[in-house]
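One structure is given below, encoded as structure tokens.
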Amino acid sequence: MDIYLSVNNRADILKIPVLPSQFTISKPQSTETFETVSHGELMLIGSPKLKSISISSFFPIRDYPYLRDKSMKGWEYVYKIDTWIDLKLPIRLIITETPINMAVAVKDFKYTIKTDGDLWYTLDLEEFNLLNYEDQSNAEDEIDMEELNKLKEQVTYLVGLVETLANPMIYNYIDENMPEWARKSVQKAVDKGVLSGTDEGWNLKYDDLRVIVWLDRLGLLE
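This is how it looks when you write it as structure tokens:
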């Protein structure tokens with residue numbers, strides 16, 4: 003079994019790295035109760051309400067043998083979900099080996115930093131009617147850059163906090179230990195002469211990799 007979250011027709015996919023021990027799906031039914039003179043209390047059955055599902059697990063900052071996905075580290079999962087929330091994107095939830103395949107929206111996303119650096123989270127999802135999204139997508143939506151910058155500052159602060167709590171991995175060479183998403187940008191930095199080290203390597207930390215990737219995305223390593 004695997005759990006996938008995706009947006010924009012699977013253009014961007016997140017695979018849950020650690021499966022929860024269980025998850026519960028709620029499908030409420032709307033009802034209305036009223037009193038009658040001759041028959042006492044009666045109940046009227048209405049339309050079904052939206053389904054909801056809650057997923058609780060953790061995003062790891064290091065490799066474990068049981069991980070279902072190793073393409074990202076803890077904070078990258080958090081940043082991706084936060085970005086989807088900020089962009090107000092509907093999410094496709096697929097749980098393999100089950101019939102669950104539905105459009106959802108994030109109702110609540112809570113996460114806690116443990117002393118070992120892993121991020122324990124609860125993701126509450128609610129079924130989403132795509133007809134509503136089509137109406138919303140036709141309206142102009144101005145991005146609040148101030149709020150986005152505040153979010154980036156919070157992520158940067160929390161990444162630094164995790165590095166204080168946990169022993170950060172050191173990256174001296176471009177090899178399988180370095181995250182795949184950073185290798186191309188690091189190679190550009192080396193070719194450009196921006197990155198140099200000692201005979202023992204570059205002594206790069208995880209946050210250094212993020213900075214190099216940001217420089218690359220800004221076009222400063224071309």
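Here this note's numbering is used: the first residue of the sequence shown is 3, the next is one more, and so on.
For each residue, glycine too, the CB sits at the ideal point set by N, CA and C.
Predicted model, so just to flag it, every value in this text is computed and none were measured.
Asked: What span of residues does the beta strand (DSSP E) with W226 cover, start to end?; Found: There is simply no residue 226 to check, as the chain begins at 3 and stops at 224 in what is shown.
Asked: Hey, is M74 close to the ligand NAD, as in C-beta under 7 Å from one of its heavy atoms?; Found: Looking at this structure, you won't find the ligand NAD or any other ligand, since it has none at all.
Asked: Beta-carbon within less than 6 Å of F130's beta-carbon, same chain only, minus the 5 sequence neighbours each way: which residues are those?; Found: P92, A105, V106 and A107
Asked: To the nearest angstrom, how far is it from the Cα of K75 to the Cα of T35?; Found: 50 Å
Asked: On a CA-only basis, which of V196, D88 and A184 is nearest R212? Give me that one, please.; Found: A184
Asked: Among the candidates N205, V188 and L206, whose CA atom is the shortest distance from the CA of L223?; Found: V188
Asked: Is E78 helix, strand or coil by DSSP?; Found: helix
Asked: Compare the beta carbon distance of I18 and R64 with 8 Å and say whether it is the shorter of the two.; Found: no
Asked: Hey, how far is the Cα of D210 from the Cα of Y6?; Found: 29 Å
Asked: Mind the definition here: the segment 114-121 touches the segment 83-97 only if three or more C-beta pairs lie below 8 Å; say whether that holds.; Found: no
Asked: With respect to the beta strand (DSSP E) encompassing D14, which residues constitute its N-terminal and C-terminal limits?; Found: D14 to K17
Asked: Using CA atoms only, rank isn't needed, just tell me which of R94, I214, K152 and I172 is closest to S8.; Found: R94
Asked: Give the straight-line distance between the Cα atoms of D143 and E178, rounded to the nearest whole angstrom.; Found: Confidence at D143 is low in this model, with a pLDDT of 49, below 50, so the placement of that residue is unreliable and no value is reported for it.
Asked: Assuming V157 contacts Y68 (C-beta within less than 8 Å), just tell me the rounded distance between them.; Found: About 27 Å; that fails the 8 Å criterion.
Asked: Apply the 10 Å Cβ neighbour rule to P62 and answer buried if 16 or more other Cβ atoms are within range, or exposed otherwise.; Found: buried
Asked: Over the uninterrupted beta strand (DSSP E) stretch that includes Y208, give me the two end residues.; Found: Where Y208 is concerned, there is no enclosing beta strand (DSSP E), although the alpha helix (DSSP H) it sits in stretches over Y208 to R219.
Asked: Alpha carbon to alpha carbon, how far is I176 from L52?; Found: 47 Å
Asked: So, for D126: in the same chain, excluding its five sequence neighbours on each side, which residues have a beta-carbon less than 6 Å away from its beta-carbon?; Found: S56, K109 and D110
Asked: Could you name the residues of the same chain whose beta carbon sits closer than 8 Å to that of N174, not counting the 5 residues immediately before and after it, in chain order?; Found: G199, E202, G203, W204, N205 and L206
Asked: Following the continuous beta strand (DSSP E) through R94, name the residue where it begins and the one where it ends.; Found: I93 to I97
Asked: Just to confirm, are E128 and S54 a CB contact at a threshold of 8 Å?; Found: yes
Asked: When burial is assigned at 16 or more other CB atoms within 10 Å of the CB, is I47 buried or exposed?; Found: exposed
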